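Data first, discussion second: the structure below is written as structure tokens.
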Amino acid sequence: MNRLNIMEAAALLLIVAAPVYAEVAVVVHPSAAFDALSEEDVGRLFLGKSKAFPNGESAIPVNQNEGATARDAFNEAIVKKNASQYKAYWSQLVFTGKGTPPKDVGSDSDVKKLVSANPNMIGYLDAGQVDGSVKVVYKVP
Amino acid sequence: MKRLPMLLVYGCICSQAMATDYHFTGFGSIVGAQVLDGDGYVANYAAMGRYDDHFDIIPETRLGLQGQVIFTDALEVTAQITTRGSLDWEPKLEWFYLGYELSDSSKIQVGRMRVPAYLYSDYMDVGYAYTFIRVPGDAYSVDVVNYNGANITIQNSFGSVDTTVQFYAGREIQKPAVLMSYIRRFEHDRDYTDMYGALFSISYGASTLRTSYLQTNITEIADPGVVPVFVPILATLADGRVITGDESITFYDVALLFDLAPVNLVLEYNEYEYYESWLASISYNSGAWTTHLSASAFDLDEPWEHHTSYALGVRYDVASGVALKAQIDLFDDTGENPFSLQPNTICHCEDGDVSVLSIGADFVF
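The listed protein sequences derive, respectively, from chains L and Y. For the first sequence, counting from 1, position 73 maps to 73 in the working numbering; every step adds exactly one. For the second sequence, counting from 1, position 330 maps to 1330 in the working numbering; every step adds exactly one.
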């Protein structure tokens, strides 16, 4: 095994051994009139603090199911809450007539399918799953 | 603003013929506690959940069930029923309202709602929504929990600043008034008329300031046979019952929240017509564990009721939607009854100092 191959093997091992925190992309319908949202814009939509995109169009956020890798990464990074804190936050609103949490619609592919079919929807998915059917407006660093 | 029917929004989750969406949710808490030292402890004033020196899971255990029917994306009906051990498990309608969104930023509700007097008022039954095992009772003694009327809520954003304004008006009749019947030691009803309130909250980043105002008239009505001799009768009604009290009160509350993850800080102060109370709580989160240290106090403008409490508790999020809690409370009673010279009128005991151990499980679904 020459030196280059050893490097390649080491790199491969690193990739395999690294935790599966893939990059998460926040996506909207390709026809959306904007190309980017701030972290704050996205956070406000998913916490029910805002019901419209900054341009005034109604926004419908959708979640991935509980336990999904993308959901946990998104909540920690954007909403700044772990899964339990997120649930506790929404239970303050749900039982007091203040709002309904974003619907849990499934996995990466479910989110992509719904968002690509609805100009008002906003979701998130593994950045590797993004294709031309949706537009990326924010990437979780 | 562009609105889409719910069917389009979520794909077709219900039949094409029916444009209605349903949500069924609920919450509950199973709490057990025991007085370690002292005669008795009032854990919840509005529903008079109280403990003695025998371990008991009845006083604070409760269940709430909520159903919501969404007729259009702007029109819904929500009903919530609670049942609690301290009120003999009798089902009680906690919320029942028609909600209508006037726009993305404003909505009205008409029906039966909870009085949002305090920071935690609206969801103090939902143990899962907060860290302590119970919202500190010292600072939460306004016992008019619900009103029947209407409210309007307006939410706005100015850059990174979010504001919420709400106005509400209504009436509530308590039959009987659980807390005041206990304190005054004769059963009576309370009719809260001309109830008007407003709240304003503003948040920026991790900080939130919330203020609340409430004014109402309170008429106290009792059967003449149960009224003690020293209570003056103001009037006799056509049905023979008597009015033993008639007053107007004002109340305001100020709360500050700082969500500086992993540290969370809550400060709340309020003034009722003839008492003041406050709470302060700091919590620290690490993974599934959250620990809190809290203090609260109640000070009547008369000498006979003064108390301060300290609490140390822990919350463990055992699974999604389920939290386990344990808490130690120290209740320091410094009041004095000028009539009997006993230090505390709430527990009707010689010395009101109490220490209490509580454990519980909260869940939402």
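C-beta atoms are modelled at their ideal positions from N, C-alpha and C, and glycine is treated no differently. If you're wondering where the values come from, they're calculated on a predicted model, not measured in any experiment.
Worksheet item: Short check: CB of Glu1276/Y to CB of Asp1299/Y, under 7 Å?
Response: Walking along the second sequence from the start, residue 1276/Y turns up at place 276. Walking along the second sequence from the start, residue 1299/Y turns up at place 299. It is a contact, given that the beta carbons lie within the stated cut-off.
*Which bits of chain L does Asp1056/Y rub up against, with CB to CB less than 8 Å?*
For the purposes of this step, residue 1056/Y is identified with residue 56 of the second sequence, where counting begins at 1. The contacting residues do not exist; Asp1056/Y stays about 25 Å from chain L at best.
Practice problem: Could you check if Ala1129/Y is buried or exposed, using at least 16 other CB atoms within 10 Å of its CB as the buried criterion? | Solution: To locate residue 1129/Y, count along the second sequence from 1; it is residue 129. It counts as buried.
Runs of 4 residues minimum, wholly inside the segment 1112-1194 of chain Y: which ones carry the alpha helix (DSSP H) assignment? 1178-1184
Report task. Answer yes or no: does any C-beta atom of chain L fall closer than 7 Å to that of Tyr1128/Y? Result -> For the purposes of this step, residue 1128/Y is taken as residue 128 along the second sequence, with counting starting at 1. At least one chain L Cβ lies under 7 Å of Tyr1128/Y.
**Study point:** Touching by the beta-carbon criterion (3+ pairs, under 8 Å), the segment 1101-1121 of chain Y and the segment 1023-1038 of chain Y
**Key:** The answer is no - the segment 1023-1038 of chain Y does not touch the segment 1101-1121 of chain Y, with fewer than three Cβ pairs under 8 Å.
Lys49/L at chain Y interface by Cβ criterion, 7 Å
As a working note, residue 49/L is residue 49 in the first sequence. Closer than 7 Å: yes.
Could you pull out every unbroken beta strand (DSSP E) segment of at least 3 residues lying fully inside the segment 1194-1256 of chain Y, listed in chain order? 1207-1222
On a Cα-Cα basis, can you pick out the residue from Asp1253/Y, Ser1248/Y, Asp1223/Y, Ala1255/Y that is closest to Gly1240/Y? Counting from 1 along the second sequence, the entry for residue 1240/Y is found at position 240. Ranking Asp1253/Y, Ser1248/Y, Asp1223/Y, Ala1255/Y by Cα distance to Gly1240/Y puts Asp1223/Y first.
Along the segment 83-96 of chain L, where does the CB come closer than 7 Å to a CB of chain Y? Name the residues. Ala83, Ser84, Lys87, Ala88, Ser91, Gln92, Val94, Phe95, Thr96
Practice prompt. Give the DSSP bridge partners of Leu1312/Y, in chain order.
Written response: Taking the second sequence and counting its residues from 1, the one referred to as residue 1312/Y is at position 312. Bridge partners of Leu1312/Y: Leu1293/Y, Ile1328/Y.
- Item | DSSP-derived helix/strand/coil call for Phe74/L | Working through the first sequence from its first residue, we reach residue 74/L at position 74. If DSSP states are grouped into helix, strand and coil, Phe74/L belongs with the helices.
Can you pull out the residues from the segment 48-67 of chain L whose beta carbon lies closer than 7 Å to at least one beta carbon of chain Y?
Lys49, Ser50, Lys51, Ala52, Gly56, Glu57, Ser58, Ile60, Glu66
**Request:** Within 10 angstroms of the Cβ of Ile1135/Y, are there 16 or more other Cβ atoms? Answer buried if so, exposed if not.
**Result:** Here residue 1135/Y refers to the residue found at position 135 when the second sequence is read from its first residue. Checking the sequence shown, residue 1135/Y turns out to be Val, not Ile. Its Cβ being crowded by 16 or more others within 10 Å, Val1135/Y is buried.
Q.
Considering only their Cβ atoms, is the gap separating Pro61/L from Pro180/L smaller than 7 Å?
A. There is simply no residue 180/L to check, as chain L begins at 1 and stops at 141 in what is shown.
Quick check on the DSSP output: what are the complete beta strand (DSSP E) runs of length 3 or more inside the segment 50-121 of chain L, in order along the chain?
60-63
Margin query: Could you give the first and the last residue of the continuous alpha helix (DSSP H) run that contains Leu45/L?
Written below: Within the first sequence, numbered from 1, the residue matching residue 45/L stands at position 45. Looking at the DSSP string, the run of the alpha helix (DSSP H) that includes Leu45/L is 39-46.
| message | Can you list, in chain order, the residues of its chain with a C-beta nearer than 7 Å to that of Glu23/L? Leave out the 5 residues immediately preceding and following it. | response | Walking along the first sequence from the start, residue 23/L turns up at place 23. So the qualifying residues of the chain are Ala127, Lys139, Val140.
inquiry  = Would Lys139/L pass as an interface residue toward chain Y - the criterion being a Cβ-Cβ separation below 7 Å?
reply    = Position 139 of the first sequence, counting from 1, holds the residue named residue 139/L. Judged by the 7 Å Cβ criterion, Lys139/L is not in contact with chain Y.
Notebook entry, point to check: Under 7 Å between C-beta atoms, does Met1/L make it to chain Y?
Noted result: For the purposes of this step, residue 1/L is identified with residue 1 of the first sequence, where counting begins at 1. Only weak support is given to the placement of Met1/L: the predicted model assigns it a pLDDT of 43, under 50, and the question is left unresolved by the model.
Would you tell me roughly how many angstroms separate the C-alpha atoms of Ile1328/Y and Ile1218/Y, rounded to the nearest one? In the second sequence, residue 1328/Y corresponds to position 328, counting from 1. In the second sequence, residue 1218/Y corresponds to position 218, counting from 1. Approximately 36 Å, taken between the alpha carbons.
Q | Of the residues Asp110/L, Ser133/L, Ala117/L, the one placed nearest Ala68/L, counting alpha carbons only | A | Within the first sequence, residue 68/L is the residue found at index 68, counting from 1. Closest option to Ala68/L, Cα to Cα, is Asp110/L.
State the Cα-Cα distance for the pair Phe1200/Y and Ser84/L, rounded to the nearest angstrom. Walking along the second sequence from the start, residue 1200/Y turns up at place 200. Walking along the first sequence from the start, residue 84/L turns up at place 84. Spanning the two alpha carbons is a distance of roughly 27 Å.
- In whole angstroms, what is the alpha-carbon distance linking Lys1092/Y and Gln1068/Y? As a first step, residue 1092/Y is located in the second sequence; it is residue number 92 there, counting from the start. As a first step, residue 1068/Y is located in the second sequence; it is residue number 68 there, counting from the start. About 17 Å.
- Query: On the premise that Thr1078/Y lies in contact with Tyr1097/Y, defined as a C-beta separation below 8 Å, what is that separation, rounded to the nearest angstrom?
  - Reply: In the second sequence, residue 1097/Y corresponds to position 97, counting from 1. In the second sequence, residue 1078/Y corresponds to position 78, counting from 1. Correct: roughly 6 Å between the Cβ atoms.
Alpha carbons only, please: which of Ser133/L, Lys81/L, Ile122/L, Lys112/L is nearest the one belonging to Ala36/L?
In the first sequence, counting from the first residue as 1, residue 36/L sits at position 36. Per the Cα distances, Ile122/L.
Counting contacts by CB-CB distance shorter than 7 Å, is Lys80/L in contact with chain Y? Taking the first sequence and counting its residues from 1, the one referred to as residue 80/L is at position 80. Yes, its Cβ sits closer than 7 Å to a Cβ of chain Y.
Taking the continuous beta strand (DSSP E) assigned at Thr1020/Y, which residues delimit it? Within the second sequence, residue 1020/Y is the residue found at index 20, counting from 1. Element bounds for Thr1020/Y: n/a, residue is neither H nor E.
#### Entry: Cβ-based contacts, 9 Å cut-off: residues of the segment 95-109 of chain L near chain Y
Phe95, Thr96, Gly97, Lys98, Thr100, Lys103, Val105
Next on the checklist: Can you check whether the C-beta of Ser1427/Y is within less than 7 Å of a C-beta belonging to chain L?
Outcome noted: Outside the displayed range of chain Y (1001 to 1365) lies residue 1427/Y, so it cannot be described from this structure.
Against chain L, with Cβ distances strictly below 7 Å, would Tyr1123/Y count as a contact? The count along the second sequence starts at 1 and reaches residue 1123/Y at position 123. Chain L, which has a Cβ nearer than 7 Å to the Cβ of Tyr1123/Y, makes this yes.
**Prompt:** Is Asp1039/Y close to chain L, meaning its C-beta is less than 7 Å from at least one C-beta of that chain?
**Reply:** What you label residue 1039/Y is simply residue 39 of the second sequence in a count that begins at 1. So, not an interface residue.
With a threshold of 7 Å between beta-carbons, can Arg1198/Y be considered close to chain L, or not? By one-based count along the second sequence, residue 1198/Y stands at place 198. Inspection of the sequence shows that residue 1198/Y is occupied by Ala rather than by Arg. No, its Cβ sits nowhere closer than 7 Å to a Cβ of chain L.
Going by C-alpha to C-alpha distance, which of Phe1024/Y, Thr1211/Y, Arg1050/Y sits closest to Pro970/Y? Here chain Y comprises residues numbered 1001 to 1365, so residue 970/Y is not present and cannot be evaluated.
Checklist entry - Residues bridged to Leu1286/Y by DSSP? => result Start at 1 with the first residue of the second sequence, and residue 1286/Y comes out as number 286. Before going further, note that residue 1286/Y is Ser rather than Leu in the sequence given. Answer is Trp1289/Y, bridged to Ser1286/Y.
Practice task
Would you list the one or two residues that DSSP bridges to Trp1095/Y?
Solution key: As a working note, residue 1095/Y is residue 95 in the second sequence. Per DSSP, Gln1080/Y.
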